[in-house]
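Student: Chains V and E, in that order, give the protein sequences. For the first sequence, the numbering used here gives the first residue as 1023, with consecutive numbering after it. For the second sequence, the numbering used here gives the first residue as 47, with consecutive numbering after it. Ideal placement from N, C-alpha and C gives every residue a C-beta, glycine not left out.
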Amino acid sequence: MNSKKILIVDDEVDLVETVRFPLEMEGYRVLVSYNGEDALNQARKENPDLILLDLMLPKLDGYKVCRLLKFDDRYKHIPILMLTAKTQEKDKTLGMETGANEYITKPFEMDDLLKKVKAYLNK
Amino acid sequence: MENRVLVVDDEKEIRAFLNKALSRLGGFHVELAESGEEALHKLEKEPFDLVLTDLKMPKMDGIQLITEIAKSKPETLTIMMTGHGTIDSALEAMKLGASDYITKPLNLDEMILRLRKVLEERQRFVRLKDFADQLEKTNQELRKIDSMKSEFVSVASHELRTPLAAIKNAVQLMLSGKTGEINENQERFLSMAERNINRLTNILNDLLNLSRIESGKIQLRFENIELKDIVELAASSLRPHADVKAIQIEVEIPEPLPAIYGDQEKIVQILTNLVGNAIKFTPDGGKILISGKPLSYDKKGGYGNMVAISVKDTGIGIPAEHLSAIFEKFHQVEGSLHRSVSGTGLGLAITKGLIEAHQGKILVESEVGKGSTFTFTLPVSQGERRDPHFRFILDKEFHQAQENNAPLTLFLIQVVDEGDEVKEVLLSKLEENVKQCLCRKADILLRREKEKILAALCEANLEGAQVIRQRIEEGIQKHPLEPGGASVLIKVGTATYPEEVLSKEELFRLAKERLGG
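What follows is the structure in structure tokens.
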């Protein structure tokens, strides 16, 4: 049994469910946040092994969540994969500048996402 | 329409004469003033089309009045009445803004002729101005609507992406069997759904792309690019698709060809669109030729400002009546069997937009049954040395490493500047030096004169990278770069996939970070 913890942050319930399901099938423990503020709290409390982070979030946007974690020595090791509908080059640049490890645009290939998650967790 | 005329003269007889003469003609409403001051007062209260003023008047004279009117009521026409001896003053009045002058003693016919002419001209001018105002207003409205359209496309595209992602995930989950076994028919229809989700995504991407191009919001990252390399890269990425139909892709680019100046990613997109179309519309066993040549504009036989690139196929061709419309949005040749397999109908519109964003042009020649040739132009680089498309090769190499599960190490080698300009020769020597240490000859990717950086990619894991790095550093010490023997200080930063990083952005970021430390 794989006990790695993954935090999914997205305000779209359906999307969260379609990502949560295969991750749980792989044996990961999945935590969910539907807004940025809760995501930050959960990340600090639970110290997950990986975060899937949407950008347009209520309360605190994904860029800020990412920056606050990546600029904090206690949490900067957590890989953050941004999952977002923002496709512009400048959004991506901004995402990478805030320290995200990957910038993935929606819709994405489920297989690719699972492969990437696995790669980061096995590192 | 009645023209409002103000007659200004200190002589009562002349005022009366003009009043009578103009009133009798009809079409004029006449008011009188006996001084410049009174005239200005009347002008202040109501508008006049024309002021007919005497030159010599006590206190404010005609020149002063005209100056004043030109300043405060520029839309009012003025005509100066002057004696034969004072033509100079009349000319001065015209310089100051008067439309015309007439001489005293007054010739009624001449005066009326001039009056009418001046008024007609003004009417024409007013009409034109109204017209221009209206055009400007319409333009503003159109611009507003256009930006609303772009905004709408952008918002709609974002809003559609999230539900689309959820649908796609759900379908892919079922297809993967993770939700339980599915039968053949279920698989067939789920695959159909998946295919169409992807199609929808492509349309969204293309729409957004096009709207950015059309609204001028697209940002090009210009750099100097070697055409041959970029064409080869685009061709090799499309060959697998061509192979399926046994279509040959040939590249014919003569050397030397001047480097072009453009956005690498976008030029690849242009080539991919055109060659992709060629593959789509060429029957099995056909041929596609990508060629390039300079457009010689100057008579000395030197390279012009543009390079022409052609993509020629042996495909089904385009009927003449469609040739002019194929670059329009959503235009597809009707009755084409390929409609069902083809793309979004936006590809050529995007291609054209991207080429025009580079100040280039595209044209097409075609013969039904024989094939089509698309030719486009790109600007020639004005810079001296190329900067070989680092990102592109990094992309490609990284992708390959991922596919083959092979390690990849990026080396950044920087010459530490101690105030003096590092000469190009020095960088070349260093390049030679470093090349000796690498596994493959083609491994040097980038030399940026400005930052004095060399970049190299090597199929090496962490351990191998250490060895290579040592070899580079030892090599520099053994073979000093400068003739005097003083060795140049260099810094080396490396990052290795997958041991240290998992994405190409990180690869570059880490190597660069380590250069500093």
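Helix, strand or coil for His445(E), going by three-state DSSP, please let me know.
Tutor: It is helical.
Student: Between Glu114(E), Asn153(E), Cys483(E), Ser474(E), which lies nearest to Ile60(E) when the distance is taken from Cα to Cα?
Tutor: Closest by alpha carbon: Asn153(E).
Student: Of all the CB atoms in chain V, is at least one closer than 8 Å to the CB of Asn215(E)?
Tutor: Interface residue, yes.
Student: Could you tell me which residues DSSP pairs with Glu411(E) in its beta bridges?
Tutor: Glu411(E) is bridged to Thr419(E).
Student: If distances are taken between C-alpha atoms only, which option among Leu188(E), Glu187(E), Leu454(E), Thr122(E) comes closest to Val172(E)?
Tutor: Minimum Cα distance to Val172(E) is reached at Thr122(E).
Student: Could you please give the first and the last residue of the uninterrupted alpha helix (DSSP H) stretch that includes Leu317(E)?
Tutor: First-last of the alpha helix (DSSP H) with Leu317(E): 310 to 327.
Student: Going by C-alpha distance, which of Ile133(E), Leu161(E), Lys333(E), Phe422(E) is nearest Gln294(E)?
Tutor: Closest option to Gln294(E), Cα to Cα, is Lys333(E).
Student: Tell me the residue span of the beta strand (DSSP E) that contains Met127(E).
Tutor: Where Met127(E) is concerned, the enclosing beta strand (DSSP E) stretches over 123 to 129.
Student: With DSSP run on the structure shown, which of helix, strand or coil describes Glu156(E)?
Tutor: The answer is helix: DSSP assigns Glu156(E) an H, G or I state.
Student: Between the C-alpha atoms of Gly539(E) and Ala447(E), what's the straight-line distance to the nearest angstrom?
Tutor: Approximately 20 Å, taken between the alpha carbons.
Student: To the nearest whole angstrom, what separates the beta carbons of Leu317(E) and Val277(E), a pair I think is in contact under 8 Å?
Tutor: Between Val277(E) and Leu317(E) the Cβ distance is about 6 Å, and since that is below 8 Å, they are a contact.
Student: Quick check: is the beta carbon of Asn1123(V) nearer than 8 Å to any beta carbon in chain E?
Tutor: Cβ-Cβ to chain E under 8 Å: yes for Asn1123(V).
Student: Please report the residue range of the beta strand (DSSP E) in which Phe1130(V) lies.
Tutor: From DSSP, Phe1130(V) is part of no beta strand (DSSP E); its letter is neither H nor E.
Student: Would you list, in chain order, the members of the region 1023 to 1049 of chain V that have their beta-carbon closer than 7 Å to a beta-carbon of chain E?
Tutor: Within the region 1023 to 1049 of chain V, the residues whose Cβ lies closer than 7 Å to some Cβ of chain E are Glu1034, Asp1036, Leu1037, Thr1040, Val1041, Phe1043, Pro1044, Met1047, listed in chain order.
Student: Rounding to the nearest angstrom, what Cα-Cα distance links Lys214(E) and Glu233(E) in this structure?
Tutor: In a straight line, the C-alpha of Lys214(E) is about 14 Å away from that of Glu233(E).
Student: If you follow the beta strand (DSSP E) that Phe1043(V) is part of, which residue opens it and which one closes it?
Tutor: Where Phe1043(V) is concerned, there is no enclosing beta strand (DSSP E), although the alpha helix (DSSP H) it sits in stretches over 1035 to 1047.
Student: If distances are taken between C-alpha atoms only, which option among Val461(E), Ile259(E), Ala502(E), Ile115(E) comes closest to Ile522(E)?
Tutor: Of Val461(E), Ile259(E), Ala502(E), Ile115(E), the residue nearest in Cα terms is Val461(E).
Student: Which chain V residues are close to Asn218(E), counting only those with a beta carbon under 7 Å from its beta carbon?
Tutor: The question names Asn, yet the displayed sequence has Gln at residue 218(E). Chain V residues near Gln218(E): Met1132.
Student: On a Cα-Cα basis, can you pick out the residue from Glu57(E), Val547(E), Leu98(E) that is closest to Glu77(E)?
Tutor: Residue Leu98(E) is the option with its Cα nearest to Glu77(E).
Student: Give me the chain E residues within the contact set of Ala1107(V), using Cβ-Cβ distance strictly less than 7 Å, ordered along the chain.
Tutor: Near Ala1107(V) (Cβ distances below 7 Å), the residues of chain E are His204, Arg207, Thr208.
Student: Using a Cβ cut-off of 7 Å, pull out every chain E residue sitting near Tyr1142(V), in sequence order please.
Tutor: Here the neighbours are Leu548.
Student: Hey, how far is the Cα of Leu1103(V) from the Cα of Phe373(E)?
Tutor: Approximately 38 Å between the Cα atoms of the pair.
Student: Any beta carbon of chain E sitting closer than 8 Å to that of Pro1070(V)?
Tutor: No, Pro1070(V) lies away from the interface with chain E (no Cβ there is under 8 Å from its Cβ).
Student: Indicate the three-state DSSP secondary structure (helix, strand or coil) for Gln460(E) in the structure shown.
Tutor: Three-state result, Gln460(E): strand.
Student: Could you pull out every residue in the same chain whose Cβ sits closer than 7 Å to the Cβ of Ala395(E), ignoring the five residues on either side in sequence?
Tutor: Here the set comprises Leu256, Phe373, Glu374, Lys375.
Student: For Phe554(E) and chain V, any beta-carbon pair shorter than 8 Å?
Tutor: No, Phe554(E) lies away from the interface with chain V (no Cβ there is under 8 Å from its Cβ).
Student: Let me know if Asp100(E) comes out buried or exposed under the rule of 16 or more other beta-carbons within 10 Å of its beta-carbon.
Tutor: Buried, by the Cβ-count rule.
Student: Below 8 Å, can you find three or more Cβ-Cβ pairs linking the region 390 to 404 of chain E to the region 300 to 319 of chain E?
Tutor: Result yes; three or more Cβ-Cβ pairs closer than 8 Å.
Student: By DSSP's criteria, Asn49(E) is part of a beta bridge. Which residues make up the other side?
Tutor: Asn49(E) pairs with Phe74(E).
Student: Report all residues from its chain with a CB closer than 8 Å to the CB of Met1088(V); omit the five preceding and five following residues, and keep chain order.
Tutor: Note on identity: in this sequence residue 1088(V) is Cys, with Met being the wrong assignment. Cβ within range, chain order: Leu1075, Ile1102, Met1104, Gly1117, Thr1120, Gly1121, Ala1122.
Student: I think Ala292(E) touches Asp330(E), with their Cβ atoms under 8 Å apart; what is that distance to the nearest whole Å?
Tutor: 5 Å between Cβ atoms; contact.
Student: If you draw a straight line from the C-alpha of Leu479(E) to the C-alpha of Leu503(E), how long is it?
Tutor: Looking at the sequence provided, one finds Asn at residue 479(E) rather than Leu. Cα to Cα, Asn479(E) sits roughly 15 Å from Leu503(E).
Student: Beta strand (DSSP E) containing Ser337(E): first to last residue?
Tutor: Per DSSP, Ser337(E) belongs to the beta strand (DSSP E) from 333 to 341.
Student: By how many angstroms is the C-alpha of Phe177(E) removed from the C-alpha of Phe80(E)?
Tutor: For clarity, residue 80(E) is Glu in the given sequence; the question names Phe instead. C-alpha separation (whole angstroms): 37 Å.
Student: Is DSSP giving Ser193(E) helix, strand or coil here?
Tutor: Note: Ser193(E) maps to helix in three-state DSSP.
Student: Could you check which residue in Lys537(E), Ser200(E), Glu272(E), His287(E) has the C-alpha nearest to that of Lys1108(V)?
Tutor: The residue with the shortest Cα to Cα distance from Lys1108(V) is Ser200(E).
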